[in-house]
Amino acid sequence: MTTATAPQLSRQQTDELGRELDAIRKLVLADLGEQDADYIRSVIRLQRKFELAGRGLLFFGFIPPAWLGGVAALSLSKILDNMEIGHNVMHGQYDWTKDPELDGRSFEWDSACPSDHWRHSHNYIHHTYTNIVDKDRDVGYGVLRMSEHQPWHLYYLGNPLYAALLAVFFQYGVALHDLEVDRIVTGEITLPEKREQLEAIGRKVGRQTLKDYVLFPLLSGPSAPLVFAGNASANLVRNLWAFTTIFCGHFPDGTVQFTELQAAEETRGDWYYRQLLGSADIDGGQLFHVLSGNLSHQIEHHLFPDLPSNRYADVAIQVREICERHGIPYNVGGLGKQFGSVVRKIARLALPD
Amino acid sequence: MALIPFPRASLRSPARRLLRSGLLDALAAPHGVESYLEHLHPSFLPRGPRAQIAEIRHGAGSVTLTLLPNERWNGFRAGQFVRLTVEVDGVLETRCYSPACEERSGGEIEITVKAHRAGKVSRYLHEHARPGMTVGLSDAEGDFVLPAERPARLLLISSGSGITPVMSILRTLCTERHCGAVTFLHYAPTPSHVVYRQQLAAIAAEQRNVQVVFAYTRETVAGQLAGHISSEHLRRVACDYRRSHTYVCGAPGLIAWVRSRWADEGIERLLRTESFLPPSFATARYSAAAGMVHFSRSDAQVYDDGRSLLEQAEHVGLRPPFGCRIGICRMCTCRKTAGSVRNVLSGEISSPAEEDIQLCVSVPVDNVELAL
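See below:
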């Protein structure tokens, strides 16, 4: 594994790293204000407009350009809702505004996954135990082999197929994530233990299905099949896009996975260092960053998950400088390069080492 | 603060019924219909009561706002307070104010905001409030209200900005042509600090049953009392206070004095009090008694041992939800209802106002109360 390429820092060095990163965090927190609140509210307004435009255009889906425009607008609405708004708001990035609409604990997103489950599996498990194999369930999502630390098994021959299926049905994959189906299969936990969660997923999936696949098609009368297909396409576009950007966060070449032993007894500096080594950024323009929910600044997001995402671009410059000074690799590349290496890894790990 | 167009024309009722129906909510899930309408055209169906600033009058050390609430507001009873929300540098700040006008079920209300140099909201309203601006407004709260059957003898005592609910009670009685005896005793540093001096003088001149007396703590004025509340003051202006329904709103010192006096004489049942204190002053005043953590929902308390509030809660046997325990995931976020805490990661000391905190990285600075 790539662990060899990560320099071993002394306790003194990680302490210093922690202090420098804490200082960045403190400065941003002190500077938060109107512009940050205005930013997220403007993204929400934009998302609402895309949503209405998408639903409206699909109503006239019998005109081909309207159908295409509707799918595009609805895809953008769902992407913004899930990524730049939902994911970031649920991290508590805007809790300081005391605005009930931006409250991280009560925000609900336009996705099959109940937001409470997401807050547990993502905010807590993934962000605390990032890239620790067997603890961070985002390493393979209980389905894929994404690290050499996961022992090979015949089942993993299907790695590329499972990945493709996960990409297509990504929102349902995310919805089932906190259910830990793989651990139910192995008998580690029992289904009755997860009953409440299963019911919550059922309710949320039901509401989402009712909206996208029953009510909107029915309301459009004779265009029903076109609206149904349009909504399915928008969900698919969002699924593929979310899968692509999210998989570029921790799996491109050079990202490091850890064993529980390696991550034991961490200091704050060690925790920061693990986040740095385990995450990768994607280069791109401003529009790209917004559409990726600023997950293109995955490194910065993992260092400071509760800082507003519109700050990551500035923070990235400082983090990069710190990494250079400490000789820490800073993993960044274009979308093609990063995703290409992820696809190769999915294929490579399908086979025994 | 963003200027939000104010709802002028309301939607016709069939349209409104459709907008409130379950079908539209199912279509607009998970955000709800109102969230769309509000963002696209804020004049439709704002989520709750709001008010537009209709008029602003600047006084000595205070600003008086006339607010025009929207139709979602349910009115108030004299003496109650409302929560006013304004956006200050991106943060929605909420403070309590008592309308000073007479009781009403809708229409304009008047509030007076005292200037505090350290007060975010009062400073904002002093510097930035403009006619036409929209502010958040809550339904009225509080039990500092007159009984439905108006008492024959009333003693109203206030100090500083505590004048507003008492002023509302007095004005309401005047509007109702109440003819019972009313004594109004107000404490202020100097005459120029009394917001409603002229209005009070006019009421006293017009209404024979109303007696208005001012007591100045920093100036001697002929014909008025001097200094803080005392037995002497009561004897001179309200010798029948033992038989009066008494309403007191003002500084903690005034309220404490009246409470203990009324308790000593066994006439507490005739007394109602209300205390407003700007948070920044509240800390300074009560920090001497620092050191207790009170978990209000489970009615448990513990002496602060310096550890995180999460650990201290667990120490007394509570099981608040938690995740990372290092300040990342916010699973342990909890409502703090009183007191200040220090965030051990940022070193920042919170305001003593009610707010959400992360238990795992917060330690108490003074007496803290948590909704746990």
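Heads up: the sequence lines are chains A and B, in that order. Taking my numbering, the leading residue of the first sequence gets 2, the next gets one more, and so forth. Taking my numbering, the leading residue of the second sequence gets -3, the next gets one more, and so forth. From the three backbone atoms N, C-alpha and C, an ideal C-beta is built for every residue, glycine too.
Residues near residue i by beta carbon distance below 6 Å, same chain, minus five either side
i: Arg184 of chain A; result: Ile190
i: Gly143 of chain A; result: Asp183
i: Val175 of chain A; result: Cys114
i: Ser101 of chain B; result: Gly71
i: Met2 of chain A; result: Here Met2 of chain A scores only 39 on pLDDT, less than 50, and its place in the model should not be relied on; the value that follows carries that caveat. Excluding residues within five positions, the ones whose Cβ falls inside 6 Å are Glu149.
i: Ala177 of chain B; result: Arg149 and Asn205
i: Arg146 of chain A; result: Tyr157, Asn160 and Leu350
i: Arg345 of chain A; result: none
i: Ala296 of chain B; result: Val312
i: Cys324 of chain A; result: Tyr331
Any chain B beta carbon closer than 8 Å to residue i
i: Pro306 of chain A; result: yes
i: Ala233 of chain A; result: no
i: Asp96 of chain A; result: yes
i: Arg49 of chain A; result: yes
i: Leu53 of chain A; result: yes
i: Thr15 of chain A; result: no
i: Arg106 of chain A; result: yes
i: Asp100 of chain A; result: yes
i: His128 of chain A; result: yes
Chain B contact residues for residue i, given Cβ-Cβ distances below 7 Å
i: Ala38 of chain A; result: Gly86
i: Thr210 of chain A; result: Simply none; closest approach about 11 Å.
i: Asp380 of chain A; result: With chain A covering only 2 through 354, there is no way to say anything about residue 380 of chain A.
i: Glu35 of chain A; result: Asp85 and Gly86
Candidates the options: closest to residue i by CA position
i: Pro143 of chain B; options: B:Cys245, B:Ile324 and B:Ile165; result: B:Ile165
i: Thr246 of chain A; options: A:Thr98, A:Asn83, A:Ala38 and A:Ile64; result: A:Asn83
i: Ile52 of chain B; options: B:His27, B:Gly28 and B:Glu123; result: B:Glu123
i: Val359 of chain B; options: B:Glu99, B:Val244, B:Leu368 and B:Gln308; result: B:Gln308
i: Leu10 of chain A; options: A:Trp272, A:Asp213, A:Phe61 and A:Ala164; result: A:Trp272
i: Asp352 of chain B; options: B:Ser342, B:Asn363 and B:Met327; result: B:Met327
i: Gln258 of chain A; options: A:Leu277, A:Gly34 and A:Arg269; result: A:Leu277
i: Ile49 of chain B; options: B:His27, B:Thr269, B:Phe291 and B:Gly103; result: B:Gly103
i: Arg268 of chain B; options: B:Asp260, B:Ile251 and B:Gly262; result: B:Ile251
i: Thr90 of chain B; options: B:Tyr237, B:Arg79 and B:Glu98; result: B:Arg79
i: Pro330 of chain A; options: A:Lys50, A:Gly207, A:Gly337 and A:Ala281; result: A:Ala281
CB contact check: residue i to chain A, cutoff 8 Å
i: Tyr120 of chain B; result: no
i: Ala309 of chain B; result: no
i: Gly319 of chain B; result: yes
i: Tyr32 of chain B; result: yes
i: Ile324 of chain B; result: yes
i: Pro275 of chain B; result: Confidence at Pro275 of chain B is low in this model, with a pLDDT of 40, below 50, so its placement is unreliable and the value that follows should be read with caution. Output row for Pro275 of chain B: interface = no.
i: Asp352 of chain B; result: yes
i: Arg281 of chain B; result: In this prediction, Arg281 of chain B scores a pLDDT of 33, lower than 50, which makes its location untrustworthy; no coordinate-derived value is stated.
Within chain A, partners of residue i - CB distance below 8 Å
i: Met327 of chain B; result: Arg120, His121, Asn124 and Tyr125
Under 9 Å by beta carbon: chain B residues contacting residue i
i: Asp111 of chain A; result: Ala25, Pro26 and His27
i: Phe217 of chain A; result: Leu23
Own chain residues within Cβ distance below 7 Å of residue i, not counting five before or after
i: Pro45 of chain B; result: Pro65, Asn66, Arg68, Trp69, Leu133, Ser134 and Asp135
i: Phe244 of chain A; result: Leu167, Ala168 and Phe171
i: Arg12 of chain A; result: none
i: Glu85 of chain A; result: Val44, Val291, Gly294, Asn295 and Ser310
i: His174 of chain B; result: Arg146
i: Tyr299 of chain B; result: Gly287 and Met288
i: Gln14 of chain A; result: His327
Chain A contact residues for residue i, given Cβ-Cβ distances below 9 Å
i: Ser342 of chain B; result: Asp23, Arg26, Lys27, Leu30 and Ala31
Neighbour list for residue i in chain E, Cβ cutoff strictly below 8 Å
i: Ile45 of chain A; result: Annotation note: the requested chain E is absent from the structure, which comprises protein chains A and B.
Neighbourhood of residue i by C-beta, 8 Å cutoff - its chain only, sequence neighbours within 5 removed
i: Leu59 of chain A; result: Ala67, Trp68, Gly71, Val72, Leu75, Phe217, Ser221, Ser224, Leu227, Val228, Gly231 and Asn232
i: Ser58 of chain B; result: Thr108, Val109, Lys110, Ala111, Ser157 and Val191
i: His127 of chain A; result: Asp137, Arg138 and Asp139
i: Glu267 of chain A; result: Arg275
Beta-carbon neighbours of residue i, restricted to chain A and to distances below 7 Å
i: Asp135 of chain B; result: Here the premise fails: no neighbours, minimum Cβ distance about 15 Å.
Contacts that residue i makes with chain B (C-beta to C-beta distance below 8 Å)
i: Gly93 of chain A; result: Arg326 and Thr329
Query - Secondary structure, alpha helix (DSSP H): runs of 4+ residues fully inside the segment 56 to 84 of chain A - result: 65 to 80
**Report entry** Length at least 4, wholly inside the segment 89 to 153 of chain B: the alpha helix (DSSP H) runs in chain order
**Finding:** 116 to 124
Query raised in the report: What are the uninterrupted segments assigned as alpha helix (DSSP H) that are 4 or more residues long and contained completely in the segment 208 to 278 of chain B, given in chain order?
Result: 227 to 233 and 248 to 260
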